[in-house]
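Chain order of the listed sequences is V and D.
Quick note, the first sequence lines up with residues 327 to 642 if you use the working numbering.
Quick note, the second sequence lines up with residues 9 to 275 if you use the working numbering.
Don't be surprised by glycine CBs; every beta carbon is placed ideally from N, CA and C.
Computed from a prediction, not measured in an experiment: that's the story for all the values here.
Written below as structure tokens is the structure these notes are about.
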Amino acid sequence: MSVVEVKALEKTFVRGFFRKRTAAVRGVSFEVERGEIFGFLGPNGAGKTTTIKMLMGLIHPTGGSAKVLGDPIGAVRAKRKIGYLPENPYFYDYLSALEFLHMVGRLFGLDAKTRERRANELLDRVGLSMAKSRSMRSYSKGMMQRVGLAQALMGDPELVVMDEPMSGLDPIGRKEVRDLLLELRDAGKTVFFCTHILADASMLCDRVGIIVKGELKDVGSLDSLLGGHVQHVEIHAQGEAALRTKLAPKVEELGGKLLDRGEGFGVELASTQQADAIVAAIIEGGGRIHELRPHTMTLEELFVRESGTKAEEMRS
Amino acid sequence: MSGALPRIWAIGLNTFREAVRNRVLYVLVMFAVALMAFSVVLGSLSMHEDERIVKDLGLAGISLFSIFISLFLGVNLLSKELDKKTVYAIIPKPLWRWEFLVGKYLGLALTMALLVSVMSAVLAAFVLFEGGTHGVVMLRAEALILLEVLLLVAVAMLFSSFSSPYLSAMFAGGLWVIGRNTAELAVFAERESTAESVSTLLSGVLEVVPDFHLFFVSGSNLGEGVVSIHGTYVDWGYVMSSAAYAGAYATACLAIAVFLFSRRDFT
Numbered sequence: 327m328s329v330v331e332v333k334a335l336e337k338t339f340v341r342g343f344f345r346k347r348t349a350a351v352r353g354v355s356f357e358v359e360r361g362e363i364f365g366f367l368g369p370n371g372a373g374k375t376t377t378i379k380m381l382m383g384l385i386h387p388t389g390g391s392a393k394v395l396g397d398p399i400g401a402v403r404a405k406r407k408i409g410y411l412p413e414n415p416y417f418y419d420y421l422s423a424l425e426f427l428h429m430v431g432r433l434f435g436l437d438a439k440t441r442e443r444r445a446n447e448l449l450d451r452v453g454l455s456m457a458k459s460r461s462m463r464s465y466s467k468g469m470m471q472r473v474g475l476a477q478a479l480m481g482d483p484e485l486v487v488m489d490e491p492m493s494g495l496d497p498i499g500r501k502e503v504r505d506l507l508l509e510l511r512d513a514g515k516t517v518f519f520c521t522h523i524l525a526d527a528s529m530l531c532d533r534v535g536i537i538v539k540g541e542l543k544d545v546g547s548l549d550s551l552l553g554g555h556v557q558h559v560e561i562h563a564q565g566e567a568a569l570r571t572k573l574a575p576k577v578e579e580l581g582g583k584l585l586d587r588g589e590g591f592g593v594e595l596a597s598t599q600q601a602d603a604i605v606a607a608i609i610e611g612g613g614r615i616h617e618l619r620p621h622t623m624t625l626e627e628l629f630v631r632e633s634g635t636k637a638e639e640m641r642s
Numbered sequence: 009m010s011g012a013l014p015r016i017w018a019i020g021l022n023t024f025r026e027a028v029r030n031r032v033l034y035v036l037v038m039f040a041v042a043l044m045a046f047s048v049v050l051g052s053l054s055m056h057e058d059e060r061i062v063k064d065l066g067l068a069g070i071s072l073f074s075i076f077i078s079l080f081l082g083v084n085l086l087s088k089e090l091d092k093k094t095v096y097a098i099i100p101k102p103l104w105r106w107e108f109l110v111g112k113y114l115g116l117a118l119t120m121a122l123l124v125s126v127m128s129a130v131l132a133a134f135v136l137f138e139g140g141t142h143g144v145v146m147l148r149a150e151a152l153i154l155l156e157v158l159l160l161v162a163v164a165m166l167f168s169s170f171s172s173p174y175l176s177a178m179f180a181g182g183l184w185v186i187g188r189n190t191a192e193l194a195v196f197a198e199r200e201s202t203a204e205s206v207s208t209l210l211s212g213v214l215e216v217v218p219d220f221h222l223f224f225v226s227g228s229n230l231g232e233g234v235v236s237i238h239g240t241y242v243d244w245g246y247v248m249s250s251a252a253y254a255g256a257y258a259t260a261c262l263a264i265a266v267f268l269f270s271r272r273d274f275t
């Protein structure tokens, strides 16, 4: 059974006096499997947060359905298995982090002893032990994010859902969050997070879903999404001038390029099959292969292609 | 329901903490105490009416400041959660939206019960200082004030579930003013000189608005003569029937608030 099962989920907002309709999510379907880190990617305003909020019971879908561990979204049984970190989290600033985690523990039905132990462990884990009894009014944005991570884990959830978990953290904090997410996966938890920071997604995700303008464009493992898109293959080889002369018409016939590379030469080809033929010809002609490098698509390039916007517009 | 109680308690305790850690609250309570202290000064200027003035002004002070505080806290109860986005972290936790709302209400009810009790204790001290007694009649009057405040909190919460704090304060405050003057409005509606359309409209309004006049009756004529904390006052039976009225009205307000809140999208 999938941990998250989303079927044709839709959300259309109706706003203003003239009841203007805006489709934020259009028939999104995907599944998140147990024990994986699933990255939900998309540019700003693509529908990532709306989808997550529907899964968390904050927004009512206008169509489709979704289940978390077999229970419909919004049900208490489903929520009991979820830990959620909202985007730019803000908590009751008149409470201390410890008091807030106790409150969350009460909502999960934990007894006082378990609450105390787990709250202290988690605050220690996110590096807030020194400030745990201080009112959150005095916390920085990064500290709030750490409280957010701790409260998301308070109920020992099977599924951890995070909306931009690295937001507001410095490089060390971001590394700590990455380590935490990997640790959660190693502990058998399922992690579902959305981000527009592709470097984080590349480093962490087993599978990703790319959402653009409310539509899911691609879902799959990074290997299947990127590995299947070899853009070109580059061969770096060495050989006599006669070999180059012999190769030139063959490379031209395949639509490739023969390039001068100092001591050796390079060949640029469109596919791995073409590269196989040229490699065989080089070896047969007495040449030596130094390097054969398939250039696959990066996540950023895939993202740009799917979203139809420029790379620089993706970064924020 | 048994599973819901700890969750309602968690939300209620948090609401209570929020309220008692709000400094504005202490300023308002201090004003109420200052009014009681002033009543001692006024009493000393009167002709042997010290105790009467302290009791009258004290009860009026408790009522007025409790109304202010309940309006202030009640209209902010939900809007603050939405403005500060704290609700985004709570609704995804294992609780139903109605539990959240009921917890918020009970937390505020607990706060108001504590405040009215503290102010009543201070008033009792002033009355004793004047050589009087803070008897069961005063307790009944204070219980009625608490019931009025608990009803007003539910009304404020209902408006807070769909409008801004300012509008909620205006609506709830307006209803309180109308509700406190139901006796006068009823007399006006029944007068022969009142146009029939106005009379019908007023009668309709009086059927719907909460009857806050029920809870502040000292000096009113309740059919069997004028009741007063200094003479014949309402009995516990009256207090209980008023409690039943406040409970029914507050439950209806909360039910509508739950309905509106459950349909809401937190974008």
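| Check | Outcome |
| --- | --- |
| Alpha-carbon to alpha-carbon, A149/D and G227/D | 12 Å |
| Completely contained beta strand (DSSP E) runs for the region 518-556 of chain V, where each covers 3 or more residues | 533-538, 541-547 |
| Test: F170/D CB closer than 9 Å to a CB of chain V | no |
| 9 Å Cβ cutoff, K93/D in contact with chain V | yes |
| Whole alpha helix (DSSP H) elements within the region 382-440 of chain V, 4-residue minimum | 402-405, 423-433 |
| Chain V contact residues for L103/D, given Cβ-Cβ distances below 7 Å | V402, L433 |
| Helix, strand or coil at L65/D according to DSSP, with G and I counted as helix | helix |
| C-alpha gap between L628/V and T622/V, whole angstroms | 10 Å |
| V486/V at chain D interface by Cβ criterion, 9 Å | no |
| One or two residues paired with T622/V in a DSSP bridge | V556/V |
| Short CB-CB distance (under 9 Å) between F274/D and chain V | yes |
| Chain-ordered residues of the region 13-32 of chain D with a beta carbon less than 9 Å from chain V | P14, R15, W17, A18, I19, L21, N22, R25, E26, R29, N30 |
| The region 534-542 of chain V in contact with the region 366-384 of chain V per 3-pair CB rule at 8 Å | yes |
| Residues within the region 416-448 of chain V neighbouring chain D, beta-carbon criterion of under 9 Å | Y416, F417, Y418, D419, Y420, L421, E425, F426, H428, M429, V430, G431, R432, L433, F434, G435 |
| Selected residue, minimal CA-CA separation from G612/V, among V630/V, E578/V, G565/V | G565/V |
| Beta carbon proximity, I98/D to chain V, threshold 9 Å | yes |
| Interface residues of chain D facing Q477/V [CB-CB closer than 8 Å] | A97 |
| Chain D within 9 Å of L628/V, Cβ atoms only | no |
| Rounded straight-line distance, which links the Cα of G588/V to that of R619/V | 18 Å |
| Opening and closing residue of the beta strand (DSSP E) in which A121/D lies | Segment 105-137 is the alpha helix (DSSP H) holding A121/D; no beta strand (DSSP E) there. |
| Cut-off 6 Å between Cβ atoms - residues of its own chain near L389/V, not counting five sequence neighbours on either side | Per the sequence shown, residue 389/V should be read as Gly rather than Leu. Same-chain partners within the cutoff: E336. |
| Beta-carbon spacing of A372/V, S355/V below 9 Å | no |
| Complete runs of the alpha helix (DSSP H) confined to the region 150-190 of chain D [at least 4 residues] | 173-188 |
| 9 Å Cβ cutoff met for P412/V and G474/V | yes |
| Cβ-based neighbour list, G592/V, same chain, cut-off 7 Å, excluding 5 preceding and 5 following | E560, I561, H562, L585 |
| Nearest-angstrom beta carbon gap, L33/D and D27/D [assumed within contact, 8 Å] | Per the sequence shown, the amino acid found at residue 27/D is Ala instead of Asp. Correct: roughly 6 Å between the Cβ atoms. |
| Residue span of the alpha helix (DSSP H) that contains K93/D, given as start and end | Taken as a continuous stretch (DSSP letters only), K93/D belongs to no alpha helix (DSSP H), as it is neither H nor E. |
| Neighbour-count burial assignment, T94/D, 16 or more Cβ in a 10 Å radius | buried |
| Unbroken stretches of the beta strand (DSSP E), 3 residues or longer, contained in the region 37-81 of chain D | none |
| CB contact check: R148/D to chain V, cutoff 9 Å | no |
| Counted within 10 angstroms of its Cβ, other Cβ atoms place Y113/D as buried (16 or more) or exposed | buried |
| Neighbourhood of S128/D by C-beta distance below 7 Å, restricted to the same chain and skipping five residues each side | I70, E150 |
| Validate contact between the region 396-414 of chain V and the region 378-385 of chain V using beta carbons, cut 8 Å, 3 pairs | yes |
| Span separating the alpha-carbon of M456/V from that of R441/V | 18 Å |
| Distance CB(L193/D)-CB(V225/D) smaller than 9 Å | no |
| Buried/exposed call for W244/D, threshold 16 Cβ in 10 Å | exposed |
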